[in-house]
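> The following block contains the structure, expressed as structure tokens.
There are 2 protein chains.
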Amino acid sequence: MEQQQISTYLLKNGIRPLQKRVKIMGYLVSKRNHPTVEMIYSDLVHEIKGLSKTTVYNVLNLFVQSGVALALNIEGNEIRYDADTSTHGHFKCRVCSGVIDFRIKQEELPKPMLDGFRIEEHHFYLMGVCSFCCNKIEA
Amino acid sequence: MEQQQISTYLLKNGIRPLQKRVKIMGYLVSKRNHPTVEMIYSDLVHEIKGLSKTTVYNVLNLFVQSGVALALNIEGNEIRYDADTSTHGHFKCRVCSGVIDFRIKQEELPKPMLDGFRIEEHHFYLMGVCSFCCNKIEA
DNA sequence: ATTAATTTTGTAATCATTACAAAATAATAC
DNA sequence: GTATTATTTTGTAATGATTACAAAATTAAT
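First to last, the sequence lines map onto chains A and B. Using our numbering, the first residue of the first sequence is number 3, and each one after it goes up by one. Using our numbering, the first residue of the second sequence is number 3, and each one after it goes up by one.
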């Protein structure tokens with residue numbers, strides 16, 4: 003996705019498309035690697051002159067509040083971010099620590115009996131060992 | 003559940019049923035409130051003479067490793083613990099911060115296409131506003 | 001170009017968790 | 001039952017992620 007498209011997308015969601023915001027969203031969209039703040043910061047600090055880690059936190063919090071990114075709390079010691087806000091699940095490998103998406107259709111999600119509850123977010127996480135690491139272990 | 007039953011249960015899972023471990027498991031089992039370490043510590047420190055917060059951490063980590071408790075990472079800033087290790091989901095209310103269980107049958111869980119992956123844990127979290135808080139807001 | 005509003009920065013504070021060595025407790029051997 | 005050994009617990013300090021906040025920088029509006 004180009005900078006121009008990202009700017010338009012942010013604007014449509016009530017976010018002023020300032021340079022650093024566009025770059026951070028561009029990173030999320032293009033890498034799709036569910037990065038932590040640390041990963042985003044260390045990857046972008048070379049590219050964006052004078053980027054501060056606090057800015058990364060600020061911008062990501064803004065993205066989550068505005069609904070253009072999801073905060074994934076798969077494990078307790080880190081938050082990962084995902085620009086794909088459609089219905090899908092996440093798998094985390096305990097060997098390589100990678101997080102990958104898997105598709106779930108909205109209608110496949112269980113519909114628990116929670117009468118009178120307002121449900122705003124669904125999170126479906128799986129954990130285990132990915133196929134790549136399974137092969138490595140067997141070998 | 004009585005102390006004796008809890009001791010037997012811990013033993014069966016390879017955990018020596020020392021006094022503080024039995025008390026902490028008893029707390030988890032009887033309250034079923036998905037407590038944080040802070041909640042467990044502040045509730046039990048009066049009852050168990052000289053309890054240390056580090057011990058609560060140690061014991062809970064042991065419980066999770068031994069498979070007699072689940073660590074819930076619903077939101078990034080806290081881990082909650084659950085002695086119910088059967089298949090079920092969790093709802094967290096963003097108003098009152100309470101966490102409640104809901105039943106899901108194993109066969110209701112979506113089966114994503116993850117060929118060659120070893121799946122060890124399922125986590126299904128919902129977030130929103132519980133019925134009690136919905137009523138309060140409307141009133 | 002000036003002024004006002006917003007954003008970013010950098011440092012310090014906070015909070016949950018872990019590391020680690022010493023003290024306490026429990027299990028085992030004699 | 002005491003001595004010895006292994007395990008557990010404690011308490012403090014360290015770590016690491018996140019937030020608070022005020023000053024500096026940037027952007028928008030006049």
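All C-beta atoms in this analysis are idealised placements derived from N, C-alpha and C, irrespective of residue type, glycine included. As the structure is a prediction and not an experimental result, all values here were calculated from the model.
1) Chain A partners of Ala114/B, CB-CB under 8 Å?
2) What is the DSSP secondary structure of Asn137/B, counted as helix, strand or coil?
3) Pick helix, strand or coil for Phe2/A, following the three-state DSSP scheme.
4) Taking a Cβ distance cut-off of 8 Å, strictly less, list which residues of the segment 22 to 44 of chain A are near chain B, in chain order.
5) Beta-carbon separation of Val58/B and Asn15/B under 8 Å?
6) Going along the chain, which unbroken runs of the beta strand (DSSP E) with 3 or more residues stay wholly within the segment 51 to 126 of chain A?
7) According to the neighbour-count rule (16 or more other Cβ atoms, all chains shown, within 10 Å of its Cβ), is Lys94/B buried or exposed?
8) So that I know if they touch, is there some Cβ in chain B lying closer than 8 Å to that of Glu77/A?
9) What's the call for Leu20/B, buried or exposed, on a 16-neighbour Cβ count within 10 Å?
10) Exposed or buried, Leu13/B, counting other C-beta atoms within 10 Å across all chains shown (16 or more means buried)?
11) For Glu140/A, would you say it is in contact with chain B, using Cβ-to-Cβ distances shorter than 8 Å as the test?
12) Just checking: is the beta-carbon of His125/A within a distance shorter than 8 Å of some beta-carbon in chain B?
13) Taking all protein chains shown into account, do 16 or more other C-beta atoms lie within 10 angstroms of the C-beta of Met115/B, making it buried, or fewer, making it exposed?
14) So what does DSSP say about Val39/A, is it helix, strand or coil?
15) Among Ser99/A, Ile17/A, Met129/A, which one has its Cα closest to the Cα of Leu64/A?
16) Scan the segment 52 to 83 of chain B for residues whose Cβ lies nearer than 8 Å to a Cβ of chain A and list them as they occur along the chain.
Reading off the structure:
1) The question names Ala, yet the displayed sequence has Pro at residue 114/B. Correct list: Gly91, Phe93, Phe104, Arg105, Ile106, Leu128.
2) It is helical.
3) An answer regarding residue 2/A cannot be provided, because it is not within the stretch 3 to 141 covered by chain A.
4) Going along the segment 22 to 44 of chain A in chain order, one finds no residue with a Cβ nearer than 8 Å to chain B.
5) Not in contact: Val58/B and Asn15/B (Cβ atoms no closer than 8 Å).
6) For the segment 51 to 126 of chain A, whole beta strand (DSSP E) runs of length 3 or above, ordered along the chain, are 72 to 77, 80 to 84, 90 to 95, 101 to 105.
7) Flag for Lys94/B reads buried.
8) Closer than 8 Å: yes.
9) So Leu20/B ends up on the exposed side.
10) Exposed: under 16 other Cβ atoms inside 10 Å.
11) No, Glu140/A lies away from the interface with chain B (no Cβ there is under 8 Å from its Cβ).
12) Yes, contact with chain B.
13) In this structure Met115/B is exposed. Its beta-carbon is surrounded by fewer than 16 other beta-carbon atoms within 10 angstroms.
14) Val39/A: helix per DSSP, three-state reduction.
15) Here the closest residue by C-alpha is Ile17/A.
16) Listed in sequence order: Ala73, Asn75, Ile76, Glu77, Gly78, Glu80, Ile81.
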